[in-house]
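FYI, in the numbering used here the residues of the sequence shown are 540 to 1068. Remarks on the structure that follows.
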Amino acid sequence: MYKFQPPVHCRRDSVSTLQYMYRLRELGYKQELKRELTSFTNFSVSFSIVSILTGLTSLYGTALSSGGPAVIIWGWVFVSIMSMCVAASMAEICSSYPTSGGLYYWSSKLAGEHGPFYAWVTGWWNLLGQFGCTAGIDFGLALLLCSVISMKTGWMAEPYQVVLIYLLILIIHGLINTFLVKYIAAMNTVSVWVHIGGVIIILVSILVKTENKASASFVFTEFINKTGWSSTVYVALLGLLQSQFTMTGYDASAHMTEETMNADVAGPVGIVMAVGVSFVAGLGYLLALTFGIQDIDRVLSPPSGSPIAQIFLDAVGDTGALLLLIILLLAQFFCGSASVTANSRMIYAFSRDGAMPGSKYFHQIHPTLKSPIWGVWLSCFVSGLLGLLYLINPIAFSAITSIATIGLYISYGIPTFCRITYSRNTFEDGPISLGRFSIPIGIISCTWIVIITVLFVLPGAAPVTEKNMNYTVVIVAVAAIYIFGNWYFNARHWFKGPVANIDIEEQQHVPGDKAEIDEKVAVSKKEIQ
């Protein structure tokens, strides 16, 4: 087999690009997406999707009713530790298999003869979770925007108006990911500083301006139960949804590896850094919010509909609150755009392997725009359908966030499970390895994923009625029937896992490819002379 060995005099970035183009070919794929993202921009995509200013903001009121400040603060710490275990397990695998397919590709390679089944299941759960994630982010943005308008004008949005605003936001994000692809990296970089700078501004503003701050005892030990359930443990577990929904989406770094230089290091580092930096910044944000609570009853039942808006109003007044809310709106807008980006890359990769209906369309890259346009708009369309649930039941937002959490974490857990079982003794490490800690951390990760998968389909309020029922269980059940039913009756007969679009064994017989790379290397040498 022809192996590309770059000359030592070549410019580093050029050589890196060529090296990873060949590494991708060894994994079975041509370089179709433009490889220009740096390690920081790869991290910034995941960090933007985790978006502490989105998840922690959107579900702050839910957590406040399901455990109160104690669960909000300590739950964030505990969930971050569990999420870091999951992220570390994923990062190790990503270092060995840096492709846009990410999770489902890993499952295929790690499960041996059972690879096609695990790839199928992983891919579909990941898609469901990503659709839910995009929907949850943009719907949270729509709700916050309506609350800001209500705060300034007194206007209260009807459910259909919230949905229309939500659909408009989705369309804007679709347009950005269609026509402004070359600016996405810059947007994600700006997003990082909006999140970090935003947390600092909010923290300082509330701590300096709030005259009657909550006590440390209230912030770290106060337990509140407005759910109707009598079990303290159960209520506390329900309150973890806020933290766990926030700690999703960091697999985006894996989906962006085919566009990232030094991918087998940058991808896994991006995954782990997204969780680590989000934990630190998120803790500061939650402490600021919770110390800023002055009237707990008013925050639990805010006139504008947003507990966060009420905390800001009480702490810094009308003008200050508006400025802080604008920071949140910006952060959530960037987060939604990044989610559509990652979602479309997963659609592109999954359809490239023939796993989706209409695959011949969804794996196409526009020759000029360099974007998987069909994937972008499928992401927006399906996410839009999920948002319509709000017209049926106003508590559907919690169901959407549960769908995102469950779908994504099942897809995170399957390749990890395959790594610690089928490939326990055969896994080939990439540059990033957990060494002897790989199996114990993998076991912890899989155990936690099983727990939250069961937990977040359970009812969140008692007594259970058609109005407060957790409809997540219905959607998850329908998805499971489709995924496993389609596999048994249909896909198992033809789906063989990731399909190479280049024959590595025949690579040495394709002189055009070798000539092309040799020419690029020669150009690189000439440029540095």
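C-beta: ideal position from N, C-alpha, C; glycine also.
Query, Result
"For Thr-907, which residues does DSSP report across the bridge?", "The partner list for Thr-907 (beta bridge, DSSP) is empty, contrary to what the question assumes."
"Please list the terminal residues of the continuous alpha helix (DSSP H) segment that includes Gly-815.", "802-830"
"Take Gly-893 as the anchor and find which of Ala-793, Gln-833, Ile-810 and Arg-1031 has the nearest alpha-carbon.", "Arg-1031"
"Determine the direct distance from the alpha carbon of Pro-1037 to that of Tyr-643, and round the result to whole angstroms.", "8 angstroms"
"Can you give me the C-alpha to C-alpha distance between Phe-586 and Asn-1007, rounded to a whole angstrom?", "32 angstroms"
"Are Ser-605 and Asn-801 closer than 8 angstroms when you measure CB to CB?", "no"
"Could you round the C-beta distance between Cys-624 and Ile-983 to whole angstroms and report it? I think they count as a contact, below 8 angstroms.", "5 angstroms"
"Tell me, which residues are paired with Leu-719 by DSSP?", "In the DSSP output, where bridge partners are listed per residue, Leu-719 has none listed."
"Which same chain residues, not among the five before or five after Gly-594, have their C-beta less than 6 angstroms away from its C-beta?", "Phe-784 and Thr-785"
"Check the DSSP bridge columns for Leu-576 and list the partner residues they point to.", "Thr-799"
"Between the Cα of Ile-745 and the Cα atoms of Ser-941, Asp-853 and Ile-612, which residue gives the shortest distance?", "Asp-853"
"Starting from Ser-605, follow its DSSP beta bridges and name the residues at the other end.", "Asn-764"
"Can you name the start and end residues of the alpha helix (DSSP H) that Trp-664 belongs to?", "654-692"
"Between the Cα of Phe-873 and those of Tyr-1021, Ile-708 and Val-702, spot the shortest distance and give me the residue it belongs to.", "Ile-708"
"Let me confirm a value: Tyr-722 is counted as buried when at least 16 other C-beta atoms fall within 10 Å, else exposed. Which label applies?", "exposed"
"How many angstroms separate the CA atom of Val-804 from the CA atom of Ile-991?", "29 angstroms"
"Between which two residues does the alpha helix (DSSP H) carrying Ala-1001 extend?", "Segment: none, Ala-1001 is in no alpha helix (DSSP H) and carries neither H nor E."
"Which residue comes first and which comes last in the alpha helix (DSSP H) that contains Met-885?", "846-891"
"On a Cα-Cα basis, can you pick out the residue from Gly-952, Pro-998, Phe-889 and Ser-646 that is closest to Ile-980?", "Gly-952"
"Expressed to the nearest angstrom, what Euclidean distance is found between the alpha-carbon atoms of Asn-727 and Ser-922?", "21 angstroms"
"Can you have a look at Ala-650 and say buried or exposed, based on whether 16 or more other CB atoms are within 10 angstroms of its CB?", "buried"
"If you run the structure through DSSP and keep just helix, strand and coil, what is Asn-581?", "helix"
"Please identify the residue among Ala-609, Asn-665 and Thr-596 whose C-alpha is closest to the C-alpha of Asn-882.", "Asn-665"
"How would you write the range of the alpha helix (DSSP H) that Ile-1020 sits in, first residue to last?", "1011-1028"
"To the nearest angstrom, how far is it from the Cα of Glu-1045 to the Cα of Lys-648?", "Reliability fails at Glu-1045, whose pLDDT of 44 lies under 50, so the model's placement of it is uncertain and no value is given."
"Just the Cα atoms here: how many angstroms apart are Tyr-657 and Ser-646?", "6 angstroms"
"State yes or no: is the C-beta of Tyr-948 within less than 8 angstroms of the C-beta of Pro-911?", "no"
"Measuring only the C-alpha atoms, how far is Ser-977 from Glu-1005?", "44 angstroms"
"Output yes or no for whether 8 angstroms exceeds the beta carbon distance between Ile-611 and Thr-749.", "no"
"Roughly how many angstroms separate the alpha carbons of Gly-969 and Pro-954, rounded to a whole number?", "16 angstroms"
"Can you give me the C-alpha to C-alpha distance between Tyr-1027 and Thr-692, rounded to a whole angstrom?", "55 angstroms"
"Under 8 angstroms between the Cβ atoms of Gly-946 and Gly-671?", "yes"
"Ordered along the chain, which non-local residues of its own chain (more than five positions away) have a Cβ less than 6 angstroms from that of Ala-935?", "Leu-928 and Tyr-929"
"Taking the alpha-carbon of Gly-713 as reference, which of Cys-685, Ala-674 and Trp-732 has the nearest alpha-carbon?", "Ala-674"
"Quick check on the burial criterion: 16 or more other C-beta atoms within 10 angstroms. Buried or exposed for Tyr-1021?", "exposed"
"How many angstroms separate the CA atom of Leu-997 from the CA atom of Asn-1009?", "7 angstroms"
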